[in-house]
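Residue numbers (the working numbering): 282 to 568.
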């Protein structure tokens, strides 16, 4: 079992130690009246690199890259200060969504060999995340709620609790030290984008649309910065890509700068701009 020790240093920075290794957990930050942890720093080797996954996932490894860059990109990217209560991974999966990407990710890591070392009080049963307690098993998530899972990871948004720091430390250390954990993050992320794009193609008429348009829509929906009516209006404009990439200004200006920059980078190198989405194939095909 992994034993976590931690310390608060430099006023607001938490550092942890597992198996004798010291590492940065996150900084205590305020946000809209809440308090939580944030970790969006690390070494280049700890960041998602699309080139490492092209052999396995092809174009999809590039397709998720702009969103990954905007979400922090590190496999240990952490945020515990907003309504999601706990977001983690290079794409910031949010624990607040029933049947969402975080739930899929957490279920998957609980199948890994080291799961019992990091979370000995958790198990999977009928594909549900279960907590083992002295009073019996407790189901932490369902098709309609993840309240139990959020509480397990981050009891409240009022303050940074010891539980929150310890659970964050476990996931960070695991992601940094187990390549199988990182592989799960990639696999869950790409499968999630693939399945969601089928939904978006049906909802927004993306069948036959360029890869850039599909990417912009996926990023909007991944972050949740606009409702469907706004997306549909942008798609009907004279310059749909420009309109989509302006959704969220000025509140999300910094994120949109990253998305535009990375889309342009992929266009310049010829990775984007050569494919369109095929709903029949549930994949991209050459234009």
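We put the CB at the ideal spot given by N, CA and C, even for glycine.
These figures come from a predicted structure and were not determined experimentally.
The region 299 to 382 contains, as complete beta strand (DSSP E) runs of 3+ residues, the segments 302 to 312 and 315 to 320 (chain order). Across the set 509, 319 and 333, the C-alpha of 333 shows the shortest separation from the C-alpha of residue 325. Look at the region 388 to 433 and you find these whole runs of beta strand (DSSP E), each 3 residues long or longer: 403 to 406, 409 to 414 and 417 to 420.
Across the set 544, 347 and 388, the C-alpha of 347 shows the shortest separation from the C-alpha of residue 329. Residue 302 is not a Cβ neighbour of residue 378, given a cutoff of 9 Å. Relative to the Cα of residue 309, the nearest Cα in the group 295, 300, 321 and 322 belongs to 295. Close CB contacts of residue 440 within its chain, under the 6 Å cut and outside five residues either way in sequence, are with 316 (chain order).
With a cutoff of 9 Å on beta-carbon distance, residue 355 and residue 327 are scored as near each other.
Around the beta carbon of residue 500, 16 or more other beta carbons lie within 10 angstroms, which makes this residue buried. Residue 525 sits away from residue 482, with the two beta carbons spaced by 9 Å or more. Non-local beta-carbon contacts of residue 540 in its own chain, meaning distances under 7 Å to residues more than five positions away in sequence, involve 347, 351, 500 and 526 in chain order. In this structure the region 285 to 300 lies against the region 440 to 450, because at least three pairs of beta carbons, one per stretch, are closer than 8 Å. A distance below 7 Å between beta-carbons, with the five flanking residues on each side excluded, links residue 469 to the following residues of its chain, in chain order: 382, 385, 386 and 389.
Under the three-pair Cβ rule at 8 Å, the region 415 to 422 does not count as touching the region 456 to 472.
Residue pairing by DSSP places residue 290 opposite 294 in a beta bridge.
Going by beta carbons, residue 335 and residue 435 fall outside the 9 Å limit. Just so you know, the alpha carbons of residue 545 and residue 537 end up roughly 12 Å apart. Burial check for residue 542: the Cβ neighbour count within 10 Å stays below 16, so the residue is exposed. Contact check between the region 508 to 523 and the region 487 to 494: three or more CB pairs, one atom from each, fall below 8 Å, which counts as touching. Remark: C-beta atoms of residue 474 and residue 454 do not approach each other more closely than 9 Å.
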